[in-house]
Structure formats: C-alpha cells, structure tokens
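Trainee: Mind having a look at this structure? Questions to follow.
2 protein chains.
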Amino acid sequence: MISLKNLTKVYATGDVEVRALAGVSLEITEGEFVSIMGPSGSGKSTMMNILGCLDRPTTGEYFLDGLNIAQASDNQLAEIRNQKIGFVFQSFNLLPRTTALENVELPMLYRGIGAKERRESALRALNAVGLGNRVHHKPNELSGGQQQRVAIARALANNPVIIMADEPTGNLDSKSSEEIMAIFQQLNDAGITVALVTHEPDIALFSKRIVRFKDGQIDSDETLAQR
Amino acid sequence: MISLKNLTKVYATGDVEVRALAGVSLEITEGEFVSIMGPSGSGKSTMMNILGCLDRPTTGEYFLDGLNIAQASDNQLAEIRNQKIGFVFQSFNLLPRTTALENVELPMLYRGIGAKERRESALRALNAVGLGNRVHHKPNELSGGQQQRVAIARALANNPVIIMADEPTGNLDSKSSEEIMAIFQQLNDAGITVALVTHEPDIALFSKRIVRFKDGQIDSDETLAQR
Ligand SMILES: Nc1ncnc2c1ncn2[C@@H]1O[C@H](COP(=O)(O)OP(=O)(O)OP(=O)(O)O)[C@@H](O)[C@H]1O
Ligand SMILES: Nc1ncnc2c1ncn2[C@@H]1O[C@H](COP(=O)(O)OP(=O)(O)OP(=O)(O)O)[C@@H](O)[C@H]1O
Ligand SMILES: [Mg+2]
Ligand SMILES: [Mg+2]
C-alpha cells in the first residue's frame, strides 16, 4: 500500500548541501507494524513527513494505495492527511491557545464530523491515553509527556487506517509507554497499519519489523519473530 | 548547597485545583549527580523549574548556597540563572530565528562575555555534542535530536557550576545519549553538580543517586553503588 522509490531530499543551507535522504526505497504493506530506528539526524523524520504527505521529496516517487502522490492535487493530499493518516509529530505541534479536547477534535472538524460525535471520539481517545482528567487544560498547563499523549490522542480519534508516529514515547515513563504501545498493538491487530519512529529498542520490540536508517539511507530491514 | 523544604505548587485551572507538588523536601550537596524519575505528570519538571529559579513555589522554601530564593531580588535571581545554572529544558526553548551558534552564545552574551570568547566556547560546546557541522542551522533546519543537543550545548557553554537537565536524551538514539551522558559524567568528575530528569533507567545508571516522584511527592531516594 505504501511504496517509496529512490527518495532523495536535499536542503541547501547557505552554500552547503545537506542530503537528508540519499536514496530511500521502502515498501510497507497494509496491516504491517514497522519500527524505524537510526541515529539522530539520519533522516527518519524527513521520511515520515514525506510519508505523511506533509513534505515532498526532491526526487523519487511515493505511491500510496496506487496513487502517485507527486501527481496528487492539493485537495487529494488534504483528504489523505485528514481521512487516511493519523500523524504524531516529534514535536507534538499542538495549538497553544486551545484545550487538549479541542486539539484532539481538530482533525475530525476538518473532516466534517458532527459536534456530538467529535466530542465523544475525542473524550474516548483522551481517556485511552490516561488524560481523562486533563481535557480542558491548554498545552502550557500540561507536562511534556501529557502534551505528547494529546498529540497521540489527536492522531487516533479520527480513526485513521494508517498511523505514523514520530518518536511517540520520547517523553514518557515506561508504564505510560507500555500503555501507548498496547494501544498501537490493539489497533494493528484490528488491521490498522502502523509506522513508528523510535530510538528505544524496547519500544521497537512491540512492532513486527525494524528498518534502520544511517546517513539518509536504509541500512538494514529485519522482520522480527512473530509476537 | 540546594535545600528544598516542603515545597508545594498548586494550579487553579477553572474551578479545579491541581497539586503539581504536594510537599517536596530534598537536599542536594555540591558535586552530587542525581537522577529524578517518576511517571508522566508526577511533578518533575515543576520541581526543576523551581530549582532553576524559573518559577516560584506556592508554599515552602528553597535555599541555594545559603540564599533564601524566595527573598532574592529579581537581579539576584537573574544572576544565579545566568552565572550559576546551566538549564536544559524538556522542550528545548530555542530561539527559532537564530542559528544554533547564536542560541548557544546567548547566556554568555547576557553574562557580558566578549564576542571572541563566546564564539570559541559555543563552538567547543557544539563540537562536543556532535554538531560541529550544523552551527549555522536554525532550529527548523535541525532534527529533533539535534535541537535537543543545541539546548544541551547552550547549558554547557556558559561553564555553570550546576547543570539541571530535564529529559536531555528524550530524542536521542543510544549512541548520542551515551555521548551526552559521558559529558555530564566528566563535568561531574570535575566538581559540577548535576541534577537530571530522565524516564530511562539506563540513563539514570550514569548518576549516583535516584530520586523517584509520584503524585507530586518524593516516593523514594536511593544512592547507587559507586561507579
Ligand atoms: N499551568 C498549569 N495549570 C494546571 N496544571 C498544570 C500546569 N502546569 C502543569 N500542570 C500539571 O502539573 C502536573 C505536573 O506537571 P510536570 O510538568 O511537573 O510533570 P512531569 O513529571 O515533568 O511530567 P512528564 O514526565 O510528562 O514531563 C501535571 O499533572 C500537569 O498537568
Ligand atoms: N530545513 C533544513 N535545512 C537543512 N538541513 C535540514 C533541514 N531539515 C533537516 N535537515 C537536516 O536533515 C538531516 C535529517 O533530519 P531528520 O529530522 O530527518 O533526522 P532524524 O533521523 O529524524 O533525527 P532525530 O532522531 O534527531 O529526530 C539532519 O542532519 C538535519 O540537520
Ligand atoms: Mg526526528
Ligand atoms: Mg516534565
């Protein structure tokens, strides 16, 4: 369902070129649970942003369910982002002046889902990540790990078919991390595709395949013994 | 050198009260290396912000080197923040429109250190955290882990006597994390006091004492076998 072919991403900062991705090819089939690991700066978020239709590669191709993303209209891309993909950003990207509840409802609002259903979905997602008693707090009234969990709830509440999570447990203690990973596993068991970036080996063990990055390329790709 | 007595921090959000700290007492002597652990939302950052003179408790007392912080003037507090303490924020707090180099130089600028010395110190700190080839990048031109390392370099470049780091390796792979912890250990061996919040047990093992939070209070306080 996801097919990346020879992606490159080159940034020109001043007169220096940074090759954030230097030829990445990857296939992810429907229902897979893939972890993406690799050193800081090796290109993981850059690839995730392209996968999430938030950025375009410099060269190379991205096919999502047969659609060539490079040729998709802005409307088609917006529809994919709003309806197909639940994206958890490495730096959360919450709206600072709105509450946890409103932040979680936002993707559903864009999708045209009615107020009552949005509210129920958002409360369910916030409860699932342990934030039932923080729903009216704004981001600056929440701890780092709580903000991270709001970002996770926002990705889940919209019932996406693909979850893309960029270091979703970076600010969480082990118990909260395990609760989040249990949610991802349940969703994956129900057929949802999960791609998650992590730098913690214990977290990667919840997935079924580990793709490792190095210097903007894929260095290894290994299927884990079935859990 | 650091003495916290019965600290509380209470937030009123709407008509609900949140007791972020519910009576915290703690002593940290000069040259110690303490890890602070505990579940997400248990009060660790709240205490760190009070320790770093960035916030005040609701009740309780904080003595730093004999000075009662509650009675210190704003000038005295600014001097402590700029000259004594190197603080690494959980969410980095980098200035978005300035380069990594300028971000790292900023505390030294406030301290009145000359341009040449600031530049040399900043470059040395950025090299030490592996960012020698990213010094002119702005934060949005850096990966999450690179931004985190700029925040660490900024805390170190000013030669503080106390380092307070709030989850400094949350976005780093194991190799980068070990490099950062080796730096903290070297500084501690040279006499610098280190207090760091982490949720990773492997990181806590680089320290000499682990203080665990639970629901706004200290739950346990254990000295590790000497490394
Ligand atoms: N301005 C605020 N108003 C209301 N509640 C707040 C405010 N700031 C923090 N809190 C609450 O205080 C509690 C402690 O927050 P703190 O940031 O200290 O937690 P933490 O231990 O650092 O968590 P994490 O590991 O997730 O970073 C949290 O439950 C949080 O929701
Ligand atoms: N706008 C930009 N201009 C220049 N270089 C950039 C830009 N954005 C990212 N980079 C560089 O691209 C490289 C890859 O960044 P990316 O964010 O994908 O890394 P990452 O693997 O997610 O790292 P981390 O684990 O630290 O989050 C980094 O070396 C970074 O400095
Ligand atoms: Mg990243
Ligand atoms: Mg915190």
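Going down the list, the sequences are from chains A and B. Sequential numbering of the first sequence, starting at 1309, is according to the numbering used here. Sequential numbering of the second sequence, starting at 1309, is according to the numbering used here. Positions of the beta carbon are idealized from the N, C-alpha and C atoms, including for glycine. A quick note: this is a predicted structure, and the numbers were derived from the prediction, not measured.
Quick one: what's got a C-beta closer than 7 Å to B:SER1333's C-beta in the same chain, skipping five residues either side?
Mentor: Residue numbering aside, residue 1333 of chain B sits at position 25 when the second sequence is read from its first letter. The answer, listed in chain order, is LEU1312, LYS1313, ASN1314.
Trainee: Identify the residues that DSSP records as bridge partners of A:ILE1344: which are they?
Mentor: In the first sequence, the residue the question calls residue 1344 of chain A occupies position 36. Answer is A:VAL1505, A:VAL1519.
Trainee: Closer than 9 Å, CB to CB, is A:ASP1527 near chain B or not?
Mentor: Locating residue 1527 of chain A in the first sequence gives position 219, counting from the first residue. No, A:ASP1527 does not count as interfacial toward chain B.
Trainee: Between the alpha carbons of B:ILE1470 and B:LEU1375, how many angstroms are there, rounded?
Mentor: As a working note, residue 1470 of chain B is residue 162 in the second sequence. As a working note, residue 1375 of chain B is residue 67 in the second sequence. Computed Cα separation, rounded: 15 Å.
Trainee: Nearest CA to the CA of B:LEU1390: which residue from B:THR1407, B:LEU1450, B:ARG1432, B:LEU1362?
Mentor: Mapped onto the second sequence, residue 1390 of chain B falls at position 82. First, the amino acid is wrong: residue 1390 of chain B is Asn here, not Leu. Among B:THR1407, B:LEU1450, B:ARG1432, B:LEU1362, the Cα nearest to that of B:ASN1390 belongs to B:LEU1362.
Trainee: State the DSSP-derived secondary structure class of A:THR1337, mapped to helix, strand or coil.
Mentor: For the purposes of this step, residue 1337 of chain A is identified with residue 29 of the first sequence, where counting begins at 1. A:THR1337: coil per DSSP, three-state reduction.
Trainee: Is it a yes or a no for the segment 1439-1458 of chain B touching the segment 1475-1482 of chain B, going by three-plus beta-carbon pairs under 8 Å?
Mentor: Yes, since at least three Cβ pairs between the segment 1439-1458 of chain B and the segment 1475-1482 of chain B fall closer than 8 Å, the two stretches touch.
Trainee: Taking all protein chains shown into account, do 16 or more other C-beta atoms lie within 10 angstroms of the C-beta of A:ALA1461, making it buried, or fewer, making it exposed?
Mentor: For the purposes of this step, residue 1461 of chain A is identified with residue 153 of the first sequence, where counting begins at 1. Answer is buried; the Cβ neighbour count reaches 16.
Trainee: Quick check: the Cα distance between A:ILE1491 and A:ASN1467, rounded to an integer number of angstroms?
Mentor: For this step, residue 1491 of chain A is matched to residue 183 along the first sequence. For this step, residue 1467 of chain A is matched to residue 159 along the first sequence. About 13 Å.
Trainee: Which word fits B:ARG1426, buried or exposed, when buried means at least 16 other C-beta atoms lie within 10 angstroms of its C-beta?
Mentor: For the purposes of this step, residue 1426 of chain B is identified with residue 118 of the second sequence, where counting begins at 1. Classification for B:ARG1426: buried.
Trainee: Under 7 Å, CB to CB, which of the residues in the segment 1437-1457 of chain A have a partner in chain B?
Mentor: Answer in chain order: HIS1444, HIS1445, GLU1449, SER1451, GLY1452, GLY1453, GLN1454.
Trainee: Taking 8 Å as the cut-off, is the beta-carbon of A:ALA1380 closer than that to any non-hydrogen atom of ligand 1?
Mentor: For the purposes of this step, residue 1380 of chain A is taken as the residue at position 72 of the first sequence. Every heavy atom of ligand 1 is 8 Å or more from the Cβ of A:ALA1380, so no.
Trainee: So B:ARG1520 and B:MET1345 are supposed to be a Cβ contact under 8 Å. How far apart are they, rounded?
Mentor: For the purposes of this step, residue 1520 of chain B is taken as the residue at position 212 of the second sequence. For the purposes of this step, residue 1345 of chain B is taken as the residue at position 37 of the second sequence. Contact flag correct, Cβ pair sits at about 5 Å.
Trainee: Going by DSSP in three states, B:PHE1395 sits in which element: helix, strand or coil?
Mentor: As a position in the second sequence, residue 1395 of chain B is number 87, starting the count at 1. Residue state, collapsed to three classes: strand.
Trainee: Check B:ILE1358 in the structure and name its three-state DSSP category.
Mentor: Here residue 1358 of chain B is taken as the residue at index 50 of the second sequence, counted from 1. Helix at B:ILE1358.
Trainee: Just to confirm, is the Cβ distance from A:GLU1338 to A:GLY1440 under 9 Å?
Mentor: What you label residue 1338 of chain A is simply residue 30 of the first sequence in a count that begins at 1. What you label residue 1440 of chain A is simply residue 132 of the first sequence in a count that begins at 1. Cβ atoms of A:GLU1338 and A:GLY1440: not closer than 9 Å.
Trainee: Mind checking whether the beta-carbon of B:GLN1525 lies closer than 8 Å to any heavy atom of ligand 2?
Mentor: For the purposes of this step, residue 1525 of chain B is taken as the residue at position 217 of the second sequence. The answer is no for B:GLN1525.
Trainee: Is A:LYS1313 helix, strand or coil when you go by DSSP?
Mentor: Taking the first residue of the first sequence as position 1, residue 1313 of chain A is located at position 5. Reduced to three states, the DSSP call for A:LYS1313 is strand.
Trainee: Using DSSP with H/G/I as helix, E/B as strand and the rest coil, what is B:GLU1475?
Mentor: As a working mapping, residue 1475 of chain B is identified with position 167 in the second sequence. Note: B:GLU1475 maps to coil in three-state DSSP.
Trainee: Out of B:ASN1383, B:ALA1328, B:ALA1436, which has the shortest C-alpha to C-alpha gap to B:MET1356?
Mentor: Numbered from 1 along the second sequence, position 48 holds the residue referred to as residue 1356 of chain B. It is B:ALA1328 whose Cα lies nearest to the Cα of B:MET1356.
Trainee: Against chain A, does B:GLU1475 count as a neighbour if the rule is that its beta carbon must be under 9 Å from one of theirs?
Mentor: As a first step, residue 1475 of chain B must be located in the second sequence, where it is residue number 167. Chain A contact via Cβ: present.
Trainee: State yes or no: is the C-beta of A:GLY1524 within less than 9 Å of the C-beta of A:SER1350?
Mentor: Along the first sequence, read from residue 1 onward, the residue named residue 1524 of chain A stands at position 216. Along the first sequence, read from residue 1 onward, the residue named residue 1350 of chain A stands at position 42. Yes, the pair counts as a contact, with Cβ atoms nearer than the cut-off.
Trainee: Residues in the segment 1329-1356 of chain B with C-beta within 9 Å of chain A's C-beta atoms, listed in sequence order?
Mentor: Listed by position along the chain: MET1345, GLY1346, PRO1347, SER1348, GLY1349, SER1350, GLY1351, LYS1352, SER1353, THR1354.
Trainee: Leaving out five residues before and five after B:VAL1342 in sequence, what residues of the same chain have Cβ atoms less than 8 Å from its Cβ?
Mentor: Here the question's residue 1342 of chain B lines up with position 34 in the second sequence. So the qualifying residues of the chain are ILE1336, VAL1502, ALA1503, LEU1504, SER1515, LYS1516, ARG1517, ILE1518, VAL1519.
Trainee: I need the boundaries of the beta strand (DSSP E) containing A:GLY1499, first residue and last residue.
Mentor: As a working mapping, residue 1499 of chain A is identified with position 191 in the first sequence. Segment: none, A:GLY1499 is in no beta strand (DSSP E) and carries neither H nor E.
Trainee: Rounded C-beta distance between A:LEU1385 and A:LEU1409? I'm assuming under 8 Å.
Mentor: If you number the first sequence from 1, residue 1385 of chain A lands on position 77. If you number the first sequence from 1, residue 1409 of chain A lands on position 101. Actually they are not in contact, since the Cβ atoms of A:LEU1385 and A:LEU1409 sit about 27 Å apart, beyond 8 Å.
Trainee: Against chain A, which members of the segment 1309-1324 of chain B pass a CB distance test of less than 9 Å?
Mentor: Going along the segment 1309-1324 of chain B in chain order, one finds TYR1319, THR1321, GLY1322, VAL1324 with a Cβ nearer than 9 Å to chain A.
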